[in-house]
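Structure first, commentary second.
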Ligand SMILES: Cc1cc2nc3c(=O)[nH]c(=O)nc-3n(C[C@H](O)[C@H](O)[C@H](O)COP(=O)(O)OP(=O)(O)OC[C@H]3O[C@@H](n4cnc5c(N)ncnc54)[C@H](O)[C@@H]3O)c2cc1C
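Okay, structure coming up:
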């Protein structure tokens with residue numbers, strides 16, 4: 018049966034995040050972008066509201082919602098500040114989620130609890146200077162030494178990397194038949210040999226923290242391995258197959274914000290003695306924007322609901338991510354066009370939306386990689 022209604026619980030939760038985003042984040046989002054400042058105070062308020070462990074079970078200190086709950090929260094945050102949306106998405110989707118599924122009871126009690134309570138913010142370190150789309154080609158090594166591993170290498174473009182208390186790190190533990198075996202490690206921030214490198218000066222998402230991480234003989238207890246040795250790639254692929262729904266939700270929220278700004282502007286701005294909204298060219302633009310947004314919303318919510326039903330969602334989450342992340346770029350471009358020259362000026366939110374949208378089709382797998390995932394799933398069927 019197809020049900021397009023959210024539950025009472027989801028609506029109440031979404032409204033709570035919406036109010037928080039409007040009251041606390043919206044007033045400062047533009048300033049955060051201009052100053053490229055990570056909003057520590059916002060994260061602290063989210064911690065107090067239980068918004069740092071949204072879909073982590075109450076047993077481990079989380080709020081116990083499902084994937085759809087997380088997706089709705091990410092969308093609401095992205096409507097006002099896409100930087101905060103990615104910060105929260107990463108903290109949940111690529112750090113808490115894999116610990117929830119693959120962690121030992123001890124790891125869940127220690128790390129999942131610390132993340133869900135907001136004691137630690139989480140980061141996920143896979144990408145390296147020479148390994149992006151080709152994740153299996155990472156060079157970072159983890160060599161077993163008694164009851165620990167020594168990590169050596171450099172990670173790049175790591176969201177939350179400079180502010181995280183815990184980083185989930187991918188490293189090569191062995192090479193078999195010229196194939197690298199990858200394993201995952203939970204690395205605490207104050208571990209000797211772990212160092213935060215340069216902060217990236219980004220085009221958009223300027224209030225999110227994106228840094229290089231350097232590991233030099235960083236000694237991590239063997240008990241901090243997530244999953245078994247050599248299982249890393251499998252865990253990464255399964256994690257990304259769900260986290261991509263979160264990027265679709267970021268795109269969706271941002272696109273809704275851009276449409277809202279365009280609708281307001283078109284009704285206020287007068288040219289040729291009438292509002293822009295009276296011109297059919299503008300009407301058609303907003304009609305297309307709204308239609309594309311609804312299509313992306315259906316793909317995004319469907320992927321989240323299927324995940325909550327325990328179904329395999331690699332194809333569905335890639336479709337949602339591919340479509341929503343490309344849709345948002347068309348929508349922000351149209352929104353800027355409707356603003357005319359003012360859209361190009363920093364005083365207007367659409368200028369920020371335009372820059373923030375660009376990366377959605379790049380991180381957590383580019384559009385090209387999503388097409389590979391989708392076509393492989395189609396051939397498999
Ligand atoms: C703001 C930001 C935040 C990020 N956060 C994180 C994070 O928290 N953790 C993390 O680990 N990484 C993070 N990343 C890295 C991100 O996931 C990578 O940038 C992304 O996976 C692409 O890798 P790349 O940049 O090395 O591009 P490349 O892999 O070098 O790709 C370059 C181009 O070639 C294309 N291409 C590559 N291979 C193929 C192929 N087989 N077929 C067709 N086309 C192909 C790509 O689609 C792309 O268009 C972040 C990046 C950014 C910009």
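Numbering (our numbering), first residue to last: 18 to 398. All residues carry an ideal CB built from backbone N, CA and C; glycine is no exception.
Cα-Cα separation, residue i to residue j
| i | j | result |
| --- | --- | --- |
| residue 111 | residue 201 | 12 Å |
| residue 216 | residue 350 | 28 Å |
| residue 117 | residue 73 | 7 Å |
| residue 151 | residue 292 | 50 Å |
| residue 133 | residue 236 | 25 Å |
| residue 358 | residue 274 | 19 Å |
| residue 57 | residue 196 | 41 Å |
| residue 198 | residue 333 | 28 Å |
| residue 395 | residue 294 | 42 Å |
| residue 258 | residue 53 | 30 Å |
| residue 22 | residue 315 | 12 Å |
| residue 220 | residue 281 | 26 Å |
| residue 179 | residue 320 | 31 Å |
| residue 242 | residue 203 | 6 Å |
| residue 356 | residue 131 | 44 Å |
| residue 83 | residue 286 | 42 Å |
| residue 335 | residue 186 | 23 Å |
| residue 24 | residue 141 | 31 Å |
| residue 261 | residue 290 | 46 Å |
| residue 231 | residue 383 | 24 Å |
| residue 121 | residue 205 | 17 Å |
| residue 66 | residue 175 | 26 Å |
| residue 158 | residue 193 | 14 Å |
| residue 28 | residue 322 | 15 Å |
Distance cut-off 6 Å: residue i Cβ against heavy atoms of ligand 1
| i | result |
| --- | --- |
| residue 376 | yes |
| residue 149 | yes |
| residue 105 | no |
| residue 141 | yes |
| residue 175 | yes |
| residue 380 | yes |
| residue 383 | yes |
| residue 144 | yes |
| residue 227 | yes |
Contact belief for residue i with residue j at Cβ below 8 Å, rounded distance in angstroms
| i | j | result |
| --- | --- | --- |
| residue 93 | residue 31 | 6 Å |
| residue 38 | residue 96 | 6 Å |
| residue 263 | residue 88 | 7 Å |
| residue 341 | residue 317 | 6 Å |
| residue 101 | residue 177 | At roughly 11 Å, the Cβ-Cβ gap does not stay under 8 Å, so residue 101 and residue 177 are not in contact. |
| residue 369 | residue 36 | Not a contact, Cβ separation roughly 22 Å. |
| residue 71 | residue 109 | 6 Å |
| residue 173 | residue 229 | 5 Å |
| residue 138 | residue 90 | Contact flag wrong, Cβ pair sits at about 16 Å. |
Residue-level contact to chain C via CB, residue i, 7 Å cutoff
| i | result |
| --- | --- |
| residue 298 | The chain inventory of the structure shown lacks chain C, comprising one protein chain alone. |
Residue burial classification, residue i (beta-carbon count within 10 angstroms, cutoff 16)
| i | result |
| --- | --- |
| residue 327 | exposed |
| residue 146 | exposed |
| residue 233 | exposed |
| residue 68 | buried |
| residue 331 | buried |
| residue 115 | buried |
| residue 366 | buried |
| residue 46 | buried |
| residue 267 | buried |
| residue 80 | buried |
| residue 223 | buried |
| residue 19 | exposed |
| residue 373 | buried |
| residue 378 | buried |
Q: Would you list, in sequence order, the uninterrupted beta strand (DSSP E) runs of no fewer than 3 residues that lie entirely inside the stretch 209–242?
A: 211–216 and 227–238
**Q.** Within the stretch 323–392, ranges of the alpha helix (DSSP H) (whole runs, at least 4 residues)
**A.** 331–355 and 366–374
Q: Would you mind listing the alpha helix (DSSP H) stretches within the stretch 74–100 that are 4+ residues and don't spill past its ends, in chain order?
A: 84–97
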